[in-house]
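All remarks here apply to the structure that follows.
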Amino acid sequence: MTVLSPTKLIACNRQQVWSVVAQLQQAQQWIAGLHKTEYLRGEASGLGGIWRFNCEWGSASHVFDFEITEWIKGHRLGVRPSRQTAVVRGVQYFQFVLDLKEASPQSTVVEIECNYEPLSKLTRLKNLTFLRRQYLDFIDKTLDQLARVALAAPRA
Numbered sequence: 792m793t794v795l796s797p798t799k800l801i802a803c804n805r806q807q808v809w810s811v812v813a814q815l816q817q818a819q820q821w822i823a824g825l826h827k828t829e830y831l832r833g834e835a836s837g838l839g840g841i842w843r844f845n846c847e848w849g850s851a852s853h854v855f856d857f858e859i860t861e862w863i864k865g866h867r868l869g870v871r872p873s874r875q876t877a878v879v880r881g882v883q884y885f886q887f888v889l890d891l892k893e894a895s896p897q898s899t900v901v902e903i904e905c906n907y908e909p910l911s912k913l914t915r916l917k918n919l920t921f922l923r924r925q926y927l928d929f930i931d932k933t934l935d936q937l938a939r940v941a942l943a944a945p946r947a
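Just so we're aligned, residue 792 is where the sequence shown starts under this note's numbering, counting upward by one.
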């Protein structure tokens with residue numbers, strides 16, 4: 792399994808960043824490639840909630856159903872596929888976790904952890920040479936956009 796966990800320092804307090812992250816119905820504002828979110832069932836803002844994400848990466852469209860597996864208000868949000876929907880180009884995604892840590896009263900360290908597994912030998916080789924960089928670029932763009940949205944949000 793491959794685990795990526797890049798971080799970014801955002802010049803907003805933790806609650807301000809959380810106020811953006813916790814609004815899953817508006818996640819397309821900060822998740823790169825996400826076009827639409829749809830609440831399906833369970834608790835919308837808490838453990839067990841199921842959300843559908845419609846994404847476009849490259850020239851392909853994908854639909855993923857995710858279950859909220861971690862919800863520590865103001866601190867941590869984790870999701871994993873609620874069924875076998877998270878296979879893209881020979882890669883199975885297992886979990887995404889977003890962790891917020893207060894660096895100072897006016898800044899937050901945001902870490903996104905992405906766990907995935909290439910499903911074939913060829914995809915494993917691609918992961919070593921190309922996919923890791925591609926996913927790190929995607930996460931970096933997502934963190935940059937989260938910073939922009941959080942900075943524009945009303946102060947918490």
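Quick reminder that beta carbons are idealized off the backbone N, C-alpha and C, glycines included. As the structure is a prediction and not an experimental result, all values here were calculated from the model.
_Which same chain residues end up closer than 8 angstroms to Pro-872 when comparing Cβ atoms and leaving out the 5 residues on each side of it in sequence?_
Residue mapping note: residue 872 aligns to position 81 of the sequence shown, counting from 1. Excluding positions up to five away in sequence, the list reads Phe-855, Asp-856, Phe-857, Glu-858, Tyr-884 and Phe-885.
*Consider the C-beta atom of Gln-886 and the heavy atoms of the ligand MG; say whether any pair is separated by less than 8 angstroms.*
Judged by which ligands are present, the structure shown has none, so any question about the ligand MG falls away.
*Which parts of the region 835–888 are runs of the beta strand (DSSP E), unbroken and 3 residues or longer, counting only runs that do not cross its ends?*
Note on the region 835–888: whole beta strand (DSSP E) runs with a minimum of 3 residues are 841–848, 851–863 and 867–872, in chain order.
_Using 8 angstroms as the cut-off, can you tell me whether the region 914–933 makes contact with the region 804–820, which would need three or more C-beta pairs spanning the two stretches below that distance?_
Result no; under three Cβ-Cβ pairs closer than 8 angstroms.
*Please state if the CB of Glu-904 and the CB of Val-882 are separated by a distance shorter than 9 angstroms.*
By one-based count along the sequence shown, residue 882 stands at place 91. By one-based count along the sequence shown, residue 904 stands at place 113. No, the pair does not count as a contact, with Cβ atoms beyond the cut-off.
*With DSSP run on the structure shown, which of helix, strand or coil describes Ile-903?*
As a first step, residue 903 must be located in the sequence shown, where it is residue number 112. The answer is strand: DSSP assigns Ile-903 an E or B state.
*Enumerate in chain order the residues of its own chain whose CB-to-CB distance from Gly-824 is below 8 angstroms, with the five nearest sequence positions on each side excluded.*
Taking the first residue of the sequence shown as position 1, residue 824 is located at position 33. Once the five neighbours on either side are set aside, the close Cβ partners of Gly-824 are Cys-846, Glu-847, Trp-848 and Phe-929.
*For Ile-801, which of helix, strand or coil comes out of DSSP?*
Residue numbering aside, residue 801 sits at position 10 when the sequence shown is read from its first letter. Of the three classes helix, strand and coil, the one that applies to Ile-801 here is strand, per DSSP.
*Whole-angstrom distance between Gly-865 and Ala-1005, CA atom to CA atom*: As displayed, the chain neither begins before 792 nor continues past 947, which places residue 1005 out of reach and without an answer.
*Measure the C-alpha to C-alpha separation of Tyr-926 and Ser-796 and round it to an integer number of angstroms.*
In the sequence shown, the residue the question calls residue 926 occupies position 135. In the sequence shown, the residue the question calls residue 796 occupies position 5. The straight-line gap from Cα to Cα measures roughly 11 angstroms.
_Which of the three DSSP states is assigned to Leu-942 in this structure?_
Taking the sequence shown and counting its residues from 1, the one referred to as residue 942 is at position 151. In this structure, Leu-942 counts as helix in the three-state DSSP scheme.
*Is the CB-CB distance between Gln-936 and Ile-822 below 9 angstroms?*
Along the sequence shown, read from residue 1 onward, the residue named residue 936 stands at position 145. Along the sequence shown, read from residue 1 onward, the residue named residue 822 stands at position 31. A distance below 9 angstroms separates the beta carbons of Gln-936 and Ile-822.
_Let's test the definition: count the other Cβ atoms within 10 Å of the Cβ of Leu-891 and tell me whether it reaches 16, buried, or not, exposed._
The count along the sequence shown starts at 1 and reaches residue 891 at position 100. Result: buried.
*Return the CA-CA distance between Arg-867 and Glu-861, expressed in angstroms with no decimal places.*
Sequence index remark: in the sequence shown, residue 867 carries index 76 (1-based). Sequence index remark: in the sequence shown, residue 861 carries index 70 (1-based). Arg-867 and Glu-861: Cα-Cα distance of roughly 7 angstroms.
_I need the straight-line Cα distance from Lys-799 to Tyr-907, nearest angstrom please._
By 1-based counting over the sequence shown, the position of residue 799 is 8. By 1-based counting over the sequence shown, the position of residue 907 is 116. For Lys-799 and Tyr-907, the distance between alpha carbons rounds to 21 angstroms.
_For Cys-851, count the other beta carbons within 10 Å of its own beta carbon; 16 or more makes it buried, fewer makes it exposed. Which is it?_
Your numbering for residue 851 matches position 60 in the sequence shown. Just to set this straight, residue 851 is Ala in the shown sequence, not Cys. Flag for Ala-851 reads exposed.
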